[in-house]
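What follows is a single structure, written as structure tokens, with notes after it.
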Amino acid sequence: MRRTRKSPLRAFLTGLAALIGLMAPGALCPGTAQAAVEPGAQATGLHISNGRLVEGNGNDFVMRGVNHAHTWYPDKLGSLADIKAQGANTVRVVLADGHRWTANSAADVADVIAQCKANRLICVLEVHDTTGYGEESAAGTLDQAADYWIGLKDVLAGQENYIVINIGNEPWGNTGPEGWTAPTIAAIQKLRNAGFQHTIMVDAPNWGQDWQQVMRTNARSVYAADTTGNLIFSIHMYSVYDTAAEVTDYLNAFVNAKLPILIGEFGGPADQWGDPDEDTMMATAQQLKLGYLAWSWSGNTDPSLDLVLNFDPAQMTSWGQRIFHGPNGIAQTAKEATVFGGGSTDTQAPTAPGTPTASSVTASSVHLTWTASSDNVGIAGYDVVRVGGGTETTVASATGTSVTVTGLNANTAYSFAVYARDAAGNKSARSASVSVITAATPAGSCSVGYRVVGEWSGGFQGEIVVRNTGTDAVTGWKLGFSFADGQTVSTMWGGTAAQSGGSVTVTPASYTNTIPAGGSVTVGFIGNKGAKNTAPGAFTLNGASCVNG
Numbered sequence: 100m101r102r103t104r105k106s107p108l109r110a111f112l113t114g115l116a117a118l119i120g121l122m123a124p125g126a127l128c129p130g131t132a133q134a135a136v137e138p139g140a141q142a143t144g145l146h147i148s149n150g151r152l153v154e155g156n157g158n159d160f161v162m163r164g165v166n167h168a169h170t171w172y173p174d175k176l177g178s179l180a181d182i183k184a185q186g187a188n189t190v191r192v193v194l195a196d197g198h199r200w201t202a203n204s205a206a207d208v209a210d211v212i213a214q215c216k217a218n219r220l221i222c223v224l225e226v227h228d229t230t231g232y233g234e235e236s237a238a239g240t241l242d243q244a245a246d247y248w249i250g251l252k253d254v255l256a257g258q259e260n261y262i263v264i265n266i267g268n269e270p271w272g273n274t275g276p277e278g279w280t281a282p283t284i285a286a287i288q289k290l291r292n293a294g295f296q297h298t299i300m301v302d303a304p305n306w307g308q309d310w311q312q313v314m315r316t317n318a319r320s321v322y323a324a325d326t327t328g329n330l331i332f333s334i335h336m337y338s339v340y341d342t343a344a345e346v347t348d349y350l351n352a353f354v355n356a357k358l359p360i361l362i363g364e365f366g367g368p369a370d371q372w373g374d375p376d377e378d379t380m381m382a383t384a385q386q387l388k389l390g391y392l393a394w395s396w397s398g399n400t401d402p403s404l405d406l407v408l409n410f411d412p413a414q415m416t417s418w419g420q421r422i423f424h425g426p427n428g429i430a431q432t433a434k435e436a437t438v439f440g441g442g443s444t445d446t447q448a449p450t451a452p453g454t455p456t457a458s459s460v461t462a463s464s465v466h467l468t469w470t471a472s473s474d475n476v477g478i479a480g481y482d483v484v485r486v487g488g489g490t491e492t493t494v495a496s497a498t499g500t501s502v503t504v505t506g507l508n509a510n511t512a513y514s515f516a517v518y519a520r521d522a523a524g525n526k527s528a529r530s531a532s533v534s535v536i537t538a539a540t541p542a543g544s545c546s547v548g549y550r551v552v553g554e555w556s557g558g559f560q561g562e563i564v565v566r567n568t569g570t571d572a573v574t575g576w577k578l579g580f581s582f583a584d585g586q587t588v589s590t591m592w593g594g595t596a597a598q599s600g601g602s603v604t605v606t607p608a609s610y611t612n613t614i615p616a617g618g619s620v621t622v623g624f625i626g627n628k629g630a631k632n633t634a635p636g637a638f639t640l641n642g643a644s645c646v647n648g
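Here my numbering is used: the first residue of the sequence shown is 100, the next is one more, and so on.
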């Protein structure tokens with residue numbers, strides 16, 4: 100079974116807004132929560148200190164990585180090398196305890212750990228069978244997951260420097276999530292009583308998204324139940340977290356209370372329930388020095404959540420580009436665990452890269468190439484910045500000396516420069532800049548198909564297929580059209596709609612941002628209507644007229 104995106108029903112989102120407004124004073128809130136109690140004895144290897152995940156030597160360790168669906172694709176363990184090659188320092192590996200899916204054997208788990216270590220990745224191991232317990236009839240319990248871990252004790256013992264045990268994935272659905280607390284405490288204590296010294300990770304209820312605030316409210320009592328204090332909370336952020344305020348409020352509540360937390364899963368592509376604010380998730384995680392693990396490397400039922408298609412790093416999606424090479428992405432921010440020798444005392448910065456040269460300039464992208472920097476130890480990667488008005492914005496990262504910058508506007512002037520960085524995080528001086536002007540979008544290089552999927556009194560569902568009939572990819576597009584009968588767009592997936600009167604402008608979601616030459620993207624929406632529902636008669640893409648049909 101392959102994982103698809105996860106979102107609560109629309110009614111739950113309405114309930115969430117009401118619940119936040121009525122949150123009880125006893126809930127975990129910034130500035131009011133008592134600081135977490137430190138463990139009496141430091142654990143071996145990865146452990147919690149002062150509300151943060153640290154290594155055995157006391158160095159902070161901030162997870163930057165992805166999820167990998169190993170239990171459903173056991174022949175794809177080679178993906179760990181590909182994940183490491185993109186700069187990740189952590190991988191969260193899907194396992195099964197045998198309740199719902201075939202159990203991963205002790206030998207298989209030992210191989211997973213060995214491959215993580217060989218690829219210099221910290222390994223978060225999770226049991227997936229618990230997903231949605233209480234609502235999903237096939238789900239197992241946290242107690243069953245704890246028994247599975249105990250059965251693997253011989254494999255896991257001695258690996259405290261390299262692994263974290265995530266007891267069970269999303270171990271409660273949206274039905275009765277208050278039932279999450281007691282089984283979570285019991286599972287933690289069962290593992291501690293069995294002698295486990297590893298850092299333990301616990302997922303939130305509400306399919307991991309905690310929109311009813313159960314984990315947030317009970318975090319202190321759950322943390323206190325672990326006699327070692329080596330417990331970290333994992334929030335999964337999908338459509339519930341579609342505003343910056345929701346993201347920052349939740350994460351800051353734990354940080355201010357000195358309770359350890361990370362974003363154990365998150366998605367960026369929009370769906371019919373909302374558009375997750377992945378930019379704020381990643382920026383806030385970087386600001387607060389919290390870990391994040393994107394969902395997921397490959398193999399999803401909905402490929403918009405694949406970071407690469409067909410487990411092939413050469414087929415990286417726009418979601419993958421965002422995670423690995425976008426602002427606050429893995430390539431820019433990940434630091435290898437010092438247990439693998441990443442704790443270098445290197446303080447010498449690389450030399451500045453050569454001035455970039457531009458080629459293959461299109462209406463929405465440009466390919467940049469530069470001369471390599473030199474360093475006393477070695478270059479880890481390069482960051483490309485857009486320069487203008489006395490400011491600079493990181494727009495891409497690369498491990499080599501070239502990259503294609505996408506998401507540009509047609510017929511627009513840009514300046515780009517490059518920084519080099521080494522494995523110790525030392526940053527070079529900025530290269531000289533190169534100026535480019537993107538091409539104009541040619542007229543007639545697009546066609547648009549519009550259809551009404553279904554209608555009901557006062558409303559309808561529409562679908563728009565935007566086809567690129569040109570010879571160059573179109574990135575960062577803007578679609579324009581007008582309604583004649585007073586229709587309005589209320590919800591959209593695959594893009595974001597802005598409407599003024601009858602005029603509608605659609606900008607893409609992260610996973611529809613690029614329309615390849617000869618390819619297409621699809622946008623769906625729910626609209627309001629009166630007695631008539633005439634289809635728009637004309638469409639433009641980046642200001643150029645498109646053919647209907």
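Even for Gly, the Cβ is constructed at its ideal location relative to N, Cα and C. For clarity, every value in this text was computed on a predicted model and none was experimentally measured.
Ranked by Cα distance from V564, the options A281, Y549, G575 are led by Y549. When the Cα atoms are used, Q185 and N409 turn out to be separated by approximately 16 Å. With a minimum length of 3 residues, the unbroken runs of beta strand (DSSP E) contained wholly in the stretch 492 to 580 fall at 501 to 504, 512 to 521, 533 to 536, 545 to 555, 558 to 567. Cβ neighbours of V494 within its own chain (closer than 7 Å, five residues either side excluded): V483, V484, R485, V504.
When only Cα atoms are considered, G307 and P276 end up about 10 Å apart. Ranked by Cα distance from F353, the options R566, S527, R151, F559 are led by R151.
Relative to the Cα of H198, the nearest Cα in the group G419, D401, S496, H227 belongs to H227. Membership of Q420 in any beta strand (DSSP E) is not indicated; the residue belongs instead to the alpha helix (DSSP H) covering 417 to 424.
DSSP places H169 within a helical segment (H, G or I) once states are collapsed to three. Judged by DSSP in its simplified three-state form, S599 adopts strand. The shortest CA-to-CA distance from T283 to any of V573, Q414, S333, N647 is the one to S333. About 6 Å separates the beta carbon of L361 from that of M162, a gap short enough to meet the 8 Å contact definition. Checking the DSSP bridge columns, you'll see T490 partnered with G487.
With respect to A471, P455 sits apart: the two C-beta atoms are not nearer than 8 Å. Distance check between A522 and each of T229, F439, V192 places F439 closest, using alpha-carbon atoms only. Put simply, the stretch 429 to 439 does not touch the stretch 526 to 542. Fewer than three CB pairs are less than 8 Å apart. Of all alpha-carbon atoms in Y261, V223, E435, D474, the one lying nearest the alpha-carbon of M300 is that of V223. Under a 10 Å Cβ-count criterion, A202 is classified as buried, with 16 or more other Cβ atoms of the shown protein chains found around its own Cβ. Secondary structure note for S320: its alpha helix (DSSP H) is the uninterrupted segment 313 to 323.
With distances taken between CA atoms, A293 lies nearest to T326 out of A303, C545, T326, T568. If you draw a 10 Å sphere on the C-beta of K628, you find 16 or more other C-beta atoms in it, and that means buried. Its Cα nearest to that of V211, the residue D174 stands out among Q311, A583, D174. Straight-line measurement puts the Cα of V551 at about 4 Å from the Cα of G561.
Distances from the CA of L578 to each of N508, A512, W248 were compared; the closest alpha carbon is that of N508. By the neighbour-count criterion, in which a residue is buried when 16 or more other Cβ atoms sit within 10 angstroms of its Cβ, W248 is buried.
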